[in-house]
Structure formats: structure tokens, C-alpha cells
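*Asks:* As they're listed, the protein sequences go chains A and B.
With my numbering, letter number 274 in the first sequence gets 551, and the count goes up by one each step, no holes.
With my numbering, letter number 230 in the second sequence gets 233, and the count goes up by one each step, no holes.
For each residue, glycine too, the CB sits at the ideal point set by N, CA and C.
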Amino acid sequence: MTTGTLTLAKALNAGLRRALAEDGKVVLMGEDIGRLGGVYRVTDGLQAEFGPRRVMDTPLAESGILGTAVGLAYRGYRPVCEIQFDGFVYPAFDQIVSQLAKMHARTNGDVRLPITIRIPVGGGIGAAEHHSESPEAYFAHTAGIRVVSVSNPQDACTMLRQAIACDDPVVFFEPKRRYHVKAEVDDAVPLDEALPMGAARVARPGDDVTLVAFGGMTGVALDAAEAAAEEGVSLEVVDLRSLSPIDYETVTASVRRTGRIVITHEGPREAGLASEIAAVVTERCFPYLEAAPARVTGHDIPYPPAKLERHMLPDLDRVLDGVDRVLGRRVVHA
Amino acid sequence: MLQLLTETGTRVPSDDYDPLIADVDGDALAALYEDMVVIRRIDTEATALQRQGELALWPPLLGQEAAQIGCGRALDPDDFVFSSYRENGIAYCRGVAPLDLVRVWRGVTASGWNPYEVNMATPQVIIGAQSLHATGYALGLQNDGVAAAAVACFGDGAMSEGDVSEAMVFASTFGAPVVFFCQNNQYAISEPVSVQTTVPPAERPAGYGIPSIRVDGNDVLAVLAAVRAALARAHRGEGPSFIEAVTYRMGPHTTADDPTRYRDPAELETWAQRDPVSRLRTHLETIGAMPPELETRIAQAADRVAAELRSGLVALGDPPADVLFAHVYAEPHPELERRRDEYLRYLDSFLPDPGAEEGAR
């Protein structure tokens with residue numbers, strides 16, 4: 278058991294090490310994950326410990342990584358694939374949405390593909406083109422796969438172990454700007470005692486407005502709640518954790534108390550998760566709503582160059598602006 | 004190009020490949036012939052069933068019987084096949100029931116059989132995607148230390164897909180026990196193979212470091228020998244191989260296709276002279292292994308299979324609506340269950356339809 282203060286990246290490493298040690302069918306696949314330990318060092322030391330057949334440096338072919346993972350899973354393995362950066366996942370799109378996502382359904386449950394796809398995600402690190410994307414909506418739109426996004430080291434470790442143990446395919450988003458966040462981590466939490474992977478978590482209780490965030494935006498949301506509290510506004514921050522399925526029980530229970538909801542994410546607004554959550558909350562909580570749901574998201578543009586990304590990423594002020602909108606404190610320009 | 008049986012049914016000796024088929028005596032040849040006759044009969048029946056409205060679509064294999072039976076009968080039980088939608092002859096050899104070949108084309112299921120019961124995945128429609136699945140499965144076999152191989156079946160059109168290229172990269176660099184079995188049937192729907200490649204498909208694998216061979220795909224003996232050689236190599240842990248079986252799709256791409264728009268009738272006639280079934284029949288007659296009573300028995304067997312296929316197919320009912328949601332996830336999914344229940348309640352809100360089929364909710 279590793280109990281100690283770990284960065285989110287090290288917590289992922291601890292989770293992978295435990296999964297490799299506990300189940301001989303777990304194999305890691307990806308570009309530069311072996312000798313180098315991954316470009317973010319998430320797999321650091323694992324190839325030396327478990328060997329090159331358990332921790333495989335693959336050719337530079339994302340469809341190849343996912344497609345061969347499908348074959349390995351067919352044979353009873355539990356592949357954990359690393360896609361080096363969010364923007365590199367698209368060459369694997371067919372293997373994920375047409376093969377992986379559909380296999381259990383199309384074989385009437387005969388073939389299970391317990392594959393975890395780890396993807397460093399999102400912006401805020403001043404990265405090059407194609408290194409700051411938020412592609413969660415594509416995957417959340419696809420039936421047959423589960424999608425999660427972690428925000429803190431303990432969730433990173435436990436939810437990665439849960440994802441690997443899950444018999445469904447899981448797209449596992451790791452927000453890059455949270456990789457160096459540190460916290461106490463227990464890497465041996467019994468998975469059946471942990472909060473289920475599909476459950477959201479109330480990261481900060483509050484009464485006036487429900488603020489839904491996930492991944493890299495969770496830290497911003499908590500900062501916003503702190504700032505709002507100084508002005509006498511109580512925000513309830515829900516860290517979504519699971520993006521497919523979404524834990525609507527937790528979200529709607531909060532909204533029924535607060536009557537107001539703000540949803541924030543980095544990715545573009547159009548057909549994004551905030552839109553879906555706003556729609557479901559409106560359908561299920563309409564009599565309880567005091568204001569129309571507000572979305573605080575990235576713009577509907579290609580992800581901008583580093584010196585402009587502060588305009589793309591919702592910051593504390595934009596989140597609080599959304600809070601003001603649902604509180605009727607600000608004129609809404611529709 | 005490897006050929007052990009000429010177009011006129013004459014046996015050609017081969018120092019390299021004859022030892023691989025030394026066990027194929029007259030009876031074994033007759034059994035291969037029976038397989039080819041039966042699968043042609045299944046194929047013809049399925050085509051007719053589509054024309055009669057019992058199947059939504061059917062991808063005929065007419066002309067490719069030798070390629071598929073030669074490959075299918077070369078396999079060991081532990082080998083695992085990942086194929087496209089046209090390899091019904093290989094599936095038949097794996098033990099897939101004829102009715103299970105056609106369920107998916109009636110539209111009552113997305114998969115006709117359990118892949119693990121016959122060691123063959125159900126047909127892949129995305130061109131070339133299964134080549135990676137075979138390669139990954141082969142990596143698993145390699146990890147497990149099992150003397151078995153994965154077989155990736157695809158056509159000449161798939162040679163242009165990135166997945167096939169990536170599969171050959173992975174197979175080569177990891178030395179995976181996979182056999183790439185390419186049936187070059189000369190067409191990808193309307194596009195001749197010259198649109199995909201200016202060299203024979205068998206010349207590509209060299210660039211990946213994979214040995215390859217070009218065989219007469221209408222010669223069941225040549226295909227059997229070549230696939231046995233490739234499998235033996237994989238079983239010995241010597242890595243991947245590539246086989247190009249040169250054949251011809253005598254029918255349309257599927258029953259929805261009209262090859263008269265793009266194919267010269269003279270070309271069809273040329274390939275008809277190379278017919279795989281009549282070639283083997285001529286050879287069997289030459290060596291005295293085709294007595295009239297055997298011919299009659301095989302014809303009756305084929306008719307029986309076709310009749311069973313037809314009666315089984317027309318008796319298939321439509322599945323109930325709750326099947327839609329049943330296997331989307333392996334583990335519980337309360338949100339989807341909620342949405343399923345909403346839809347089933349909606350369906351139940353209708354008055355019963357007096358004409359509705361029993362069970363077709």
C-alpha cells in the first residue's frame with residue numbers, strides 16, 4: 278500500500294502498478310510508455326518492473342493501438358492504452374466507436390472488451406497545436422463506452438483501478454493541468470468500498486447555486502465557490518467524475534435544493550456536455566428551477582494558440598459571471 | 004504464382020508444397036469438393052432468398068469457393084479467424100451452422116454466432132478493421148505461449164486501408180503469429196484492383212518484413228498448402244505471413260450491386276473457364292475418385308442443407324424491442340435502464356394490434 282502525498286500523475290502510476298500486480302491479464306500499450314515512462318511519466322518505471330510484454334512500446338499508430346487492444350481483449354486480456362495527447366485520438370476513432378463500443382452489443386454479450394483508454398486532456402498548459410483538446414462529447418455521444426474525467430489524485434488512482442476492472446470499455450481523461458496537483462493517496466482502497474466509478478461527488482456543499490464541473494475545471498469551480506462565499510453566495514460544486522453515464526441523481530438532487538444550475542467545461546459549447554446536462558435538468562427539475570440553466574464553456578472555435586488560450590478556458594470570473602446570470606444579477610444577452 | 008491444379012484439372016507437382024498436402028488422398032479431395040459444392044449451394048440459396056425478400060442483403064462468394072474452403076480446411080481448432088462479410092465458406096468450415104450465416108442478413112441480429120464456440124469472429128463490415136483484431140489476438144496467443152495462429156481475412160480493396168498497413172507493422176515488429184489471407188477477387192464493388200495498387204498485393208508485405216506468396220485462389224490444393232505452410236510457420240513462433248489468393252468474384256459485390264455497369268462480359272467468361280469447383284471435379288474424375296453414387300450423395304447433401312437453411316430462415320421471428328438495450332453494456336447502467344423503461348412504457352401505451360406477431364412487442 279502506498280499511502281502518502283502524491284501528484285495526480287504519480288497517483289495514476291500507483292494505480293497502474295497495482296492493477297498490473299493484481300491481474301496478469303492487464304497490459305499497458307502506448308507510444309513512449311516503456312523506456313521513457315510516457316511523455317508525462319505516468320508509466321514511469323513500470324516496464325522495468327513488469328517487462329516489455331506487459332508494458333508495450335507500440336508503433337506510432339493510434340488505430341493500431343486500439344485495434345490490437347481489441348484483439349488482445351478478445352483473447353482475454355485487459356489492455357490499458359495510452360493515447361499520447363487528446364488530439365491524437367482521432368486516428369483511432371473508428372476502432373473506438375465502430376469496433377470497441379459496439380462489440381458487446383453486436384455479439385449479444387458474447388464478447389467483452391474491457392479496455393481502458395487513457396487520454397491526457399484539455400488545455401491550460403501553453404501547449405502546441407492538437408495538445409489541448411477536449412474531445413469528451415464525441416465519446417459521451419457513443420453508446421457502449423463509459424467516459425470518466427478525474428480531478429484529484431485519489432480519484433485518479435481509484436477510478437483508474439475501477440476502469441481497468443470494469444468489463445466495459447472506458448475512456449479515461451486525465452486533465453494535464455492537474456497532473457502536478459498533490460494530495461494524500463491510498464492506492465489500496467477496496468474497489469467495492471470506493472465511490473462507484475459512475476457516481477458524481479459533491480466536492481463542496483452549498484445552498485444557492487449548483488455548479489457542475491469535471492476534470493480540469495473542478496479546481497476553477499472550487500476557487501469560484503470560495504470567491505462567491507466571500508460575497509455571501511453559497512455554491513454547491515458537483516465534480517461530475519463520470520461523463521458517460523452522467524450521475525443525474527446527484528445533479529438533480531442538488532438542483533432541487535438550489536433551484537439554479539451553472540455547468541462549465543473547457544470544450545466548445547455546441548452539442549457539448551453542458552448542453553445535455555442543461556436539457557436533462559430542465560426536463561427533470563423544471564418546477565424547481567428559478568432560472569434558466571447557464572453554460573460556461575469554451576468557445577465554438579478551434580483550440581487557440583497558447584497566448585490566447587486564456588480566452589478559451591473558462592476562468593474564475595467567467596464562472597462567477599455564469600453564477601450572476603442564474604441569480605438574476607446580470608442582464609442576459611440572448 | 005503457386006498452382007497445384009491447372010485450370011483443366013491437371014495436378015502439377017511441387018517439391019516445396021507437395022509434402023504439406025501428402026495426406027490429401029482421393030477421399031480427402033472428394034471431401035473438399037463436397038465442401039465447395041455445399042457452400043456454393045448455400046450461397047445460391049441465400050441469393051435466391053434475398054431475391055424473394057427473405058433476406059435484406061447477401062454478399063455472394065460465387066467463384067471464391069476454393070480460396071475459402073482451402074483456407075478454412077487448413078485451420079487447426081485453436082486458430083482464430085477474423086474475417087470480412089464474404090467469408091461464409093471459411094465460417095462453414097469452422098462449424099458455423101448455415102442458418103447462423105444468414106441471420107444477420109435478415110436483420111434479426113448483429114451477429115449470427117458466438118465467436119468463442121467456433122473460434123471465428125462474426126463478420127466485419129468496416130473494411131480492414133479486423134486485420135488489427137487478428138494481430139492483437141495473435142499478440143495474446145504469443146503471450147500465452149500457445150501454438151496457434153490468428154488469421155486475418157480481407158480483400159484486395161482492404162489493401163488501401165490504413166488498418167491493414169498498421170496491422171502488418173504491429174505483426175512484423177512483434178513477430179505475431181498472424182496469417183494475412185487476402186482474397187484478391189479483382190474488385191472492390193466496382194473498382195478494379197488497379198485502383199488500389201499498381202503491384203500485386205503480395206508484393207506489399209516485403210516492405211513490412213513479412214514473407215508472402217501469391218497462389219491460384221481457384222485451386223483448392225494450392226490454397227490449402229499455402230495456408231498450411233503459413234500456419235505452421237506461425238505455430239513454430241516464426242511470425243506473420245501474407246497470402247494473396249488470386250481469384251474472381253463471379254457475382255455482384257452484394258445483391259444490391261449491378262456488375263453489368265462496370266464489368267466486361269468477356270472477362271467474366273474468361274474466369275468462368277477457371278471455375279474452382281469444375282476444376283476439382285475434373286481432377287477427381289481423372290483419378291477415379293468421383294463415382295456416380297458419390298456425386299449423387301453430394302448433390303443430395305447440398306440440397307438438404309439448402310432446404311434446412313430456407314425452412315429455418317423463414318421461421319425466424321422478429322426479436323422483441325427490449326433486446327435493443329440488453330447488451331449495450333456488460334455492467335449495469337441505470338441511466339440506460341431508465342431510458343429503456345421509458346421507451347417500453349411508450350410502446351405499451353398503444354392498444355394491442357390484432358395483427359401483431361406473438362412476441363414481437
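Starting from Pro-118 of chain B, find everything on chain A with Cβ-Cβ shorter than 8 Å and list it in chain order.
*Replies:* Taking the first residue of the second sequence as 1, we reach residue 118 of chain B at position 115. Per Cβ cutoff of 8 Å: Tyr-351, Thr-384, Asp-387, Val-388.
*Asks:* Can you tell which of B:Thr-125, B:Ala-152, B:Asp-28 has the C-alpha that lies nearest to the C-alpha of Asp-387 of chain A?
*Replies:* Counting from one through the first sequence, the residue named residue 387 of chain A turns up at place 110. With distances taken between Cα atoms, Asp-387 of chain A lies closest to B:Thr-125.
*Asks:* How would you label Phe-353 of chain B, buried or exposed, when you count the other beta carbons within 10 angstroms and need 16 or more for buried?
*Replies:* As a working mapping, residue 353 of chain B is identified with position 350 in the second sequence. Exposed, because fewer than 16 other Cβ atoms sit within 10 Å of the Cβ of Phe-353 of chain B.
*Asks:* Within the same chain, show all residues whose beta-carbon is closer than 8 Å to that of Asn-187 of chain B, passing over the 5 residues directly before and after it, in chain order.
*Replies:* If you number the second sequence from 1, residue 187 of chain B lands on position 184. Around Asn-187 of chain B: Gly-158, Asp-159, Val-196, Pro-203, Pro-204, Gly-220, Glu-247, Ala-248, Val-249, Thr-250.
*Asks:* So is Leu-287 of chain B buried or exposed if we call it buried at 16+ other beta carbons inside 10 Å?
*Replies:* Counting from 1 along the second sequence, the entry for residue 287 of chain B is found at position 284. Label assigned to Leu-287 of chain B: buried.
*Asks:* What residues from the stretch 96–123 of chain B come within 8 Å of chain A, judged by C-beta to C-beta, listed N to C?
*Replies:* Per Cβ criterion, the list reads Thr-112, Ala-113, Ser-114, Asn-117, Pro-118, Tyr-119.
*Asks:* Just to confirm the assignment, what range does the beta strand (DSSP E) spanning Asp-463 of chain A have?
*Replies:* Position 186 of the first sequence holds residue 463 of chain A. Its beta strand (DSSP E) spans residues 459–463.
*Asks:* So Arg-43 of chain B and Val-280 of chain B are supposed to be a Cβ contact under 8 Å. How far apart are they, rounded?
*Replies:* Walking along the second sequence from the start, residue 43 of chain B turns up at place 40. Walking along the second sequence from the start, residue 280 of chain B turns up at place 277. 6 Å between Cβ atoms; contact.
*Asks:* By DSSP's criteria, Leu-305 of chain A is part of a beta bridge. Which residues make up the other side?
*Replies:* As a first step, residue 305 of chain A must be located in the first sequence, where it is residue number 28. A:Val-332, A:Val-357.
*Asks:* According to DSSP, what are the bridge partners of Gln-186 of chain B?
*Replies:* Indexing the second sequence from 1 puts residue 186 of chain B at position 183. In DSSP, Gln-186 of chain B forms a bridge with B:Gly-158, B:Ala-248.
*Asks:* Using only alpha-carbon positions, find the residue among A:Arg-455, A:Arg-454, A:Ala-440 that is nearest to Val-448 of chain A.
*Replies:* Here the question's residue 448 of chain A lines up with position 171 in the first sequence. Taking only the C-alpha atoms, the option nearest Val-448 of chain A is A:Ala-440.
*Asks:* Residues in the same chain with beta-carbon distance under 6 Å from Gln-372 of chain A, minus the five sequence neighbours each way, listed in chain order, please.
*Replies:* Residue numbering aside, residue 372 of chain A sits at position 95 when the first sequence is read from its first letter. Once the five neighbours on either side are set aside, the close Cβ partners of Gln-372 of chain A are Ser-340, Leu-343, Gly-344.
*Asks:* Closer than 9 Å by beta-carbon distance: list the chain A residues that pair up with His-421 of chain B, in chain order.
*Replies:* Chain B is shown from 4 up to 364; residue 421 of chain B falls before or after that span and cannot be answered.
*Asks:* According to DSSP, simplified to helix, strand and coil, what is Val-105 of chain B?
*Replies:* As a working mapping, residue 105 of chain B is identified with position 102 in the second sequence. If DSSP states are grouped into helix, strand and coil, Val-105 of chain B belongs with the helices.
*Asks:* Quick one: does Asp-516 of chain A have its CB under 8 Å from some CB of chain B?
*Replies:* In the first sequence, the residue the question calls residue 516 of chain A occupies position 239. Cβ-Cβ to chain B under 8 Å: no for Asp-516 of chain A.
*Asks:* Determine, for Gln-439 of chain A, whether the minimum Cβ-Cβ distance to residues of chain B falls below 8 Å.
*Replies:* Here residue 439 of chain A refers to the residue found at position 162 when the first sequence is read from its first residue. With 8 Å as the cut-off, Gln-439 of chain A does not count as an interface residue toward chain B.
*Asks:* Chain C partners of Ala-346 of chain A, CB-CB under 8 Å?
*Replies:* Any reference to chain C falls outside this structure, whose protein chains are A and B.
*Asks:* Sorted by chain position, which residues of the same chain lie with C-beta nearer than 6 Å to Tyr-140 of chain B's C-beta, five sequence neighbours on each side aside?
*Replies:* The residue labelled residue 140 of chain B in the question sits at position 137 within the second sequence. Correct list, in chain order: Phe-83, Ala-153.
*Asks:* Classify Arg-481 of chain A as helix, strand or coil using the three-state DSSP reduction.
*Replies:* Here residue 481 of chain A is taken as the residue at index 204 of the first sequence, counted from 1. DSSP places Arg-481 of chain A in strand when its eight states are reduced to three.
*Asks:* Drop a sphere of 10 angstroms on the beta-carbon of Tyr-265 of chain B, count the other beta-carbons inside from all chains shown, and report buried for 16 or more, exposed for fewer.
*Replies:* Within the second sequence, residue 265 of chain B is the residue found at index 262, counting from 1. Per the 10 Å Cβ criterion, exposed.
*Asks:* The alpha helix (DSSP H) with Ala-232 of chain B in it runs from where to where?
*Replies:* Numbered from 1 along the second sequence, position 229 holds the residue referred to as residue 232 of chain B. Note, Ala-232 of chain B: alpha helix (DSSP H), 223–238.
*Asks:* Using 10 angstroms around the beta-carbon of Pro-391 of chain A, count the other beta-carbons present and answer buried if the total reaches 16, otherwise exposed.
*Replies:* The count along the first sequence starts at 1 and reaches residue 391 of chain A at position 114. Under this definition Pro-391 of chain A is a buried residue.
*Asks:* Given that His-336 of chain B touches chain A, what residues does it touch there, using C-beta distances under 7 Å?
*Replies:* Position 333 of the second sequence holds residue 336 of chain B. Correct list: Pro-522.
*Asks:* Please list the residues of the stretch 438–468 of chain A that have a C-beta atom closer than 7 Å to any C-beta atom in chain B, keeping them in chain order.
*Replies:* Listed by position along the chain: Cys-443, Asp-444, Asp-445.
*Asks:* So for Met-474 of chain A, helix, strand or coil by DSSP?
*Replies:* Looking up residue 474 of chain A in the first sequence gives position 197. If DSSP states are grouped into helix, strand and coil, Met-474 of chain A belongs with coil.
*Asks:* Please report the residue range of the beta strand (DSSP E) in which Arg-423 of chain A lies.
*Replies:* Translated into positions along the first sequence, residue 423 of chain A becomes position 146. 423–426 is the extent of the beta strand (DSSP E) around Arg-423 of chain A.
*Asks:* Check the C-beta distance from His-612 of chain A over to Ser-411 of chain A and give it rounded, since I have them as a contact under 8 Å.
*Replies:* Not covered by the structure: residue 612 of chain A. The range shown for chain A is 278 to 611.
*Asks:* Looking at the C-beta of Arg-330 of chain A, does it have a partner C-beta in chain B at a distance below 8 Å?
*Replies:* Reading the first sequence from its first residue, position 53 is the one you call residue 330 of chain A. At least one chain B Cβ lies under 8 Å of Arg-330 of chain A.
*Asks:* Tell me which residue opens and which closes the alpha helix (DSSP H) that Pro-430 of chain A is part of.
*Replies:* Looking up residue 430 of chain A in the first sequence gives position 153. Taken as a continuous stretch (DSSP letters only), the alpha helix (DSSP H) holding Pro-430 of chain A covers 430–442.
*Asks:* Indicate whether Asp-321 of chain B and Arg-343 of chain B have their beta-carbon atoms separated by less than 8 Å.
*Replies:* As a first step, residue 321 of chain B must be located in the second sequence, where it is residue number 318. As a first step, residue 343 of chain B must be located in the second sequence, where it is residue number 340. In this structure, Arg-343 of chain B does not lie closer than 8 Å to Asp-321 of chain B by Cβ.
*Asks:* Ala-227 of chain B: which of B:Glu-10, B:Gly-12, B:Thr-13, B:Ala-25 sits nearest, CA to CA?
*Replies:* Along the second sequence, read from residue 1 onward, the residue named residue 227 of chain B stands at position 224. The question names Ala, but residue 227 of chain B is Leu in the sequence shown. Among B:Glu-10, B:Gly-12, B:Thr-13, B:Ala-25, the Cα nearest to that of Leu-227 of chain B is on B:Ala-25.
*Asks:* Buried or exposed, going by whether 16 or more other CB atoms sit within 10 Å of the CB of Ala-363 of chain B?
*Replies:* Residue 363 of chain B sits at position 360 when you count from the first residue of the second sequence. Any reading at Ala-363 of chain B is ruled out, since the residue's pLDDT is 49, under 50, leaving its predicted position unreliable.
*Asks:* Taking only the alpha-carbon atoms, compute the straight-line gap between Arg-561 of chain A and Arg-595 of chain A and give it to the nearest angstrom.
*Replies:* Counting from one through the first sequence, the residue named residue 561 of chain A turns up at place 284. Counting from one through the first sequence, the residue named residue 595 of chain A turns up at place 318. If I take the Cα positions, the gap works out to 26 Å.
*Asks:* I'd like to know if the stretch 514–528 of chain A and the stretch 484–493 of chain A are in contact, where contact means that at least 3 CB-CB pairs between them fall below 8 Å.
*Replies:* Segments in contact, yes.
*Asks:* Out of A:Val-357, A:Tyr-351, A:Gly-301, A:Asp-300, which has the shortest C-alpha to C-alpha gap to Val-319 of chain A?
*Replies:* Residue 319 of chain A sits at position 42 when you count from the first residue of the first sequence. Checking every option, the nearest Cα to that of Val-319 of chain A belongs to A:Val-357.
*Asks:* Just to make sure I have the definition right: I need the residues of chain A whose C-beta is within less than 7 Å of the C-beta of Glu-288 of chain B. Which are they?
*Replies:* As a working note, residue 288 of chain B is residue 285 in the second sequence. The contacting residues do not exist; Glu-288 of chain B stays about 44 Å from chain A at best.
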